[in-house]
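A.B. asks: Sharing a structure here in structure tokens format.
There are 2 protein chains.
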Amino acid sequence: MKNLIVQKYGGTSVGDIDRIKNVAKRVIKTKESGNNVVVVVSAMGDTTDDLVKMAYKINENPHKREMDMLLSTGEQISIALLAMAIQSMGQDVISLTGAQCGILTSSRHSKAKIDAINTERIEKELKAGKIVIVAGFQGINKDLDITTLGRGGSDTTAVALAAALKADKCQIFTDVDGVYTADPRIVPSAKKINSISYDEVLELAALGAKVLHPRSVEMAGRFNVALEVRSSFNDNEGTIIGEVNKMEKVLIRGISLDENIAKISVMEVPDKPGIAFNLFSLLARADIHVDMIVQNVNRNNVNDITFTVALDELQTAVDIAQKFAFEVGAEKVEYDKGVAKLSVVGTGVVANAEVASKFFESLYEIGVNIQMISTSEIKISCIINKDKGKEAMKHIHEKFDM
Amino acid sequence: MKNLIVQKYGGTSVGDIDRIKNVAKRVIKTKESGNNVVVVVSAMGDTTDDLVKMAYKINENPHKREMDMLLSTGEQISIALLAMAIQSMGQDVISLTGAQCGILTSSRHSKAKIDAINTERIEKELKAGKIVIVAGFQGINKDLDITTLGRGGSDTTAVALAAALKADKCQIFTDVDGVYTADPRIVPSAKKINSISYDEVLELAALGAKVLHPRSVEMAGRFNVALEVRSSFNDNEGTIIGEVNKMEKVLIRGISLDENIAKISVMEVPDKPGIAFNLFSLLARADIHVDMIVQNVNRNNVNDITFTVALDELQTAVDIAQKFAFEVGAEKVEYDKGVAKLSVVGTGVVANAEVASKFFESLYEIGVNIQMISTSEIKISCIINKDKGKEAMKHIHEKFDM
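Quick note, the sequences are listed as chains A and B, same order.
Read in order, the letters of the first sequence correspond to residues 1 to 402 in the UniProt record's numbering.
Read in order, the letters of the second sequence correspond to residues 1 to 402 in the UniProt record's numbering.
What follows is the structure, encoded as structure tokens:
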């Protein structure tokens, strides 16, 4: 039986007519190598942004259902054009919207979750020998309303289809060659990683290495989908993401730097049980993701609570923190945009105490002060001064000899 | 119970953001006057043309299924934006694609016919007090594939919905004030017609008065839908199309000039039974619509067959006629692009012999030669020299004192 490969091409890969033709050639090559192929595509280049701008000119606060109705056209245009390109090269092909290929989602417009995929139509078309082109990022709810999946939507569509169709491989084509030990724009000596575990890439992704959205990696891990990240602009081997053989475990897999964060401190909060919980439940209710949290017990039964949030959620978070501070009688709220999070990721990181000490020592060597520290099973993160972020990343990449 | 009004706005009426906002105001006004409102919209301005151009850059002969997939996004964008505009003005509204509002069509992509409309969803939304915005020009076939209705598609959607929902009125908003006695750009003294029958407007439409596509008028007549054509740019009363009270019957309703035609003659065709039929069945098979036909019996048992076709089908028609002429041993094929069809339309036209003679006399007065004549129940058409078309139209409009 033929192998089934799910490929996903992002917005830059289908950004103009020539690129669409290139993607068509790549898809046909995969098909002609004896595989069945399902292709998930995003909207062309800036299409989505243009539609969003148009919407906001009409309504500053458009309903999310109508926004999904609007934005889903972007992917629908891409699938039709890619299908036409493939047809012009003589291959049998069919394009399917999220609704047509049975991607059933929750009703939460703009952030829908995939509940199930009814693969009947796709399987029928594959059986008929066709290449199947699927609109990423979109689905349909039980009322037949069009939904979109939110951030990382097309990657999620691809992984979900690969899982539902029990595909042999899910290839995510993007504008980089794969997952690197560090951002090559900052660390020129960074190396492409050949294979990496779901957890590791999840930490790297969550930390700002934007090759794959964490949501799709989590799903791939859960359904054990063999993922490959590679470039749509060349034929270089990409990075394989899957269960990594424990015997090959390496100490550090990569370093990442997230500069899109800010630090907020609520100073001199009275030390009563449950107070910190109050603050963070208020933030959670406003859909603000709090990352690192540090609480310093001070003299006089007052605490300083410090936490980090994404830069674009700073304003809302500060407003909430200030209201909270006033209500509990804390002294004041301070915030700092000049911070960055530097992390080392790898399955050996925590087990091996040497990694942490080498990490901290490297920062000390170049005079970088550590403001906050957090660790997980496979990563160590430090909040440092943003101005020193890139220098520190380069220095550590060198120290760990990656 | 509230009246139900179906309104249709064409591509120019929703051509940009300001126009979409204007349409929103009009829709809300209709709703606030105590009606339920279903609104059918076309794609914005040049959207469809832009998509078609993009498609042909990718594939010179794109499959029609994929073309429908592509083009249907145009209307989907319009409905979402119009819904957002209406929401921003505080009204409850929902947009529906052809698929979502149950417009079931045949599978003939790019020229699908509406088989049935499942009005359940629309009725549910109307009951909930919402304005319902429907994507014109599109439907869905039994395989859930998106289809488009071809020419006049959005008008047809509006009339079909009005029929299925038993609406009290179907208003077609366009860029002219209504149906005129003649094209006001050619005949400045032309007057707007207040009310006209389905048949009359059908003849006028088929003859080149482009306010309404014949297909939608036919359907309106069949289901007795009260139609109104009016401008989306002002508040002028439009033209009512419906069953006209016989007592008010007028002699001539309007004059129309169709310059987009050409005349083809096959000379000296052997006079054998069925020969003309052969030619016209060949043309029909090539989807070429033949309008007027004249056959002159010559000396020597040979006939000249002359017919007219649309200008853009001339080349194909001539090719077919030439092949036919060669096979049956006719002498030659001639064609003439320099012709136009001038018609007078009205329920009294044929019953009253005076109309025809006055028509022919008027043409004689200004030295216009009549090349072909045809009549129907409610019209008389003459093929004349194209150069004289506009002058003849003005002269006749004056002679009949319209």
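Ideal Cβ placement from N, Cα and C applies to all residues, glycine included.
For F66 (chain A), decide whether its Cβ has a neighbour in chain B, counting only Cβ atoms nearer than 8 Å.
C.D. replies: The sequence given here places Glu at residue 66 (chain A); Phe does not occur at that position. E66 (chain A) counts as touching chain B.
A.B. asks: Does any residue of chain A have a CB that is nearer than 8 Å to the CB of L126 (chain B)?
C.D. replies: It does not: the Cβ of L126 (chain B) has no partner Cβ on chain A nearer than 8 Å.
A.B. asks: What does a CB cutoff of less than 6 Å around residue 459 (chain A) pick up in its chain, not counting 5 residues either side in sequence?
C.D. replies: What is shown of chain A runs 1 to 402, which leaves residue 459 (chain A) out entirely.
A.B. asks: Can you list the alpha helix (DSSP H) stretches of 4 or more residues lying completely in the region 203–285 of chain A, in chain order?
C.D. replies: Runs of the alpha helix (DSSP H) inside the region 203–285 of chain A: 214–222, 275–285.
A.B. asks: Is V201 (chain A) helix, strand or coil by DSSP?
C.D. replies: Reduced to three states, the DSSP call for V201 (chain A) is helix.
A.B. asks: Give me the residue from B:E391, B:T375, B:E377, B:T347 with the minimum Cα distance to Y364 (chain B).
C.D. replies: The candidate whose alpha carbon is nearest that of Y364 (chain B) is B:E391.
A.B. asks: Since S88 (chain A) meets chain B, which of its residues come closer than 7 Å, beta carbon to beta carbon?
C.D. replies: Those within 7 Å of S88 (chain A) in chain B are I58, N59.
A.B. asks: Are E75 (chain B) and A135 (chain B) closer than 8 Å when you measure CB to CB?
C.D. replies: A contact, by the Cβ cut-off of 8 Å.
A.B. asks: Inspect the CB distances between the region 148–163 of chain B and the region 354–363 of chain B and report whether three or more fall short of 8 Å.
C.D. replies: Verdict: no, contact absent.
A.B. asks: Would the region 273–285 of chain B count as touching the region 209–221 of chain B if we require 3 or more Cβ pairs under 8 Å?
C.D. replies: Judged by Cβ distances under 8 Å, the region 273–285 of chain B makes no contact with the region 209–221 of chain B, as fewer than three pairs qualify.
A.B. asks: Listing by chain order, which chain A residues have their CB less than 9 Å from the CB of K21 (chain B)?
C.D. replies: Within chain A, the residues near K21 (chain B) are I58.
A.B. asks: Could you check whether the Cβ of A80 (chain A) sits closer than 8 Å to any Cβ belonging to chain B?
C.D. replies: With 8 Å as the cut-off, A80 (chain A) counts as an interface residue toward chain B.
A.B. asks: Residues of chain B with CB under 7 Å from S95 (chain A), in chain order?
C.D. replies: Result: E66, M69.
A.B. asks: Counting only beta-carbon separations shorter than 8 Å, does L144 (chain B) have a partner in chain A?
C.D. replies: True, the Cβ-Cβ gap to chain A drops below 8 Å.
A.B. asks: Under 8 Å: do the region 111–120 of chain B and the region 72–91 of chain B share three or more Cβ pairs, one atom per stretch?
C.D. replies: With a cut-off of 8 Å, the region 72–91 of chain B and the region 111–120 of chain B do not count as touching, because too few Cβ pairs lie within range.
A.B. asks: Touching or not, the region 262–272 of chain A and the region 320–333 of chain A, by the rule of three or more beta carbon pairs under 8 Å?
C.D. replies: Verdict: yes, contact present.
A.B. asks: In the DSSP assignment, what are the bridge partners of A340 (chain B)?
C.D. replies: A340 (chain B) is bridged to B:I384.
A.B. asks: For L165 (chain B), name the three-state secondary structure that DSSP assigns.
C.D. replies: L165 (chain B) falls in the coil class under three-state DSSP.
A.B. asks: When you compare the CB positions of I131 (chain B) and Q91 (chain B), do they come within less than 8 Å of one another, or not?
C.D. replies: Their beta carbons are under 8 Å apart, which means I131 (chain B) touches Q91 (chain B) by this criterion.
A.B. asks: Return no unless some Cβ of chain A is closer than 8 Å to the Cβ of M292 (chain B).
C.D. replies: No, M292 (chain B) lies away from the interface with chain A (no Cβ there is under 8 Å from its Cβ).
A.B. asks: Measure the C-alpha to C-alpha separation of S33 (chain A) and V345 (chain A) and round it to an integer number of angstroms.
C.D. replies: Roughly 36 Å between the two C-alpha positions.
A.B. asks: Going by the beta-carbon positions, is the gap between V40 (chain B) and L227 (chain B) smaller than 8 Å?
C.D. replies: In this structure, L227 (chain B) does not lie closer than 8 Å to V40 (chain B) by Cβ.
A.B. asks: Taking beta-carbon pairs under 9 Å, can you tell me which members of the region 43–55 of chain B lie near chain A?
C.D. replies: Per Cβ criterion, the list reads L51, M54, A55.
A.B. asks: Contact check, I186 (chain A) vs K394 (chain A) under 8 Å by CB: the rounded distance?
C.D. replies: The pair is a contact, with the Cβ atoms about 7 Å apart (cut-off 8 Å).
A.B. asks: Keeping to the same chain, check which residues put their C-beta closer than 7 Å to that of V176 (chain A); ignore five residues upstream and five downstream.
C.D. replies: Cβ within range, chain order: V211, S231.
A.B. asks: Can you give me the start and stop residues for the beta strand (DSSP E) that I5 (chain B) sits inside?
C.D. replies: Where I5 (chain B) is concerned, the enclosing beta strand (DSSP E) stretches over 3–9.
A.B. asks: Cα separation between N224 (chain B) and E218 (chain B)?
C.D. replies: If I take the Cα positions, the gap works out to 10 Å.
A.B. asks: Determine, using beta carbons only, whether T148 (chain A) comes closer than 8 Å to chain D.
C.D. replies: Among the chains of the structure shown, chain D does not appear; the protein chains present are A and B.
A.B. asks: Could you compute how far the alpha carbon of M292 (chain A) sits from the alpha carbon of T73 (chain B)?
C.D. replies: Computed Cα separation, rounded: 43 Å.
A.B. asks: Can you pull the DSSP bridge partners for E75 (chain B)?
C.D. replies: Note: E75 (chain B) sits in no beta bridge, so no partner.
A.B. asks: Flag T73 (chain B) as yes if its beta-carbon sits less than 8 Å from any beta-carbon of chain A, otherwise no.
C.D. replies: Yes, contact with chain A.
A.B. asks: The beta strand (DSSP E) spanning A325 (chain B) covers which residue range?
C.D. replies: Element bounds for A325 (chain B): not the beta strand (DSSP E) but the alpha helix (DSSP H), 314–328.
A.B. asks: Which residues share a DSSP beta bridge with M372 (chain A)?
C.D. replies: Per DSSP, A:I383.
A.B. asks: Can you tell me whether DSSP reads K332 (chain A) as helix, strand or coil?
C.D. replies: Note: K332 (chain A) maps to strand in three-state DSSP.
A.B. asks: Skipping 5 residues on each side, what residues in its chain have a beta carbon closer than 7 Å to that of V37 (chain B)?
C.D. replies: Within the same chain, V37 (chain B) has close Cβ partners I5, Q7, V27, T30, K31, I131.
A.B. asks: Go ahead and pull the three-state DSSP assignment for F137 (chain A).
C.D. replies: In this structure, F137 (chain A) counts as coil in the three-state DSSP scheme.
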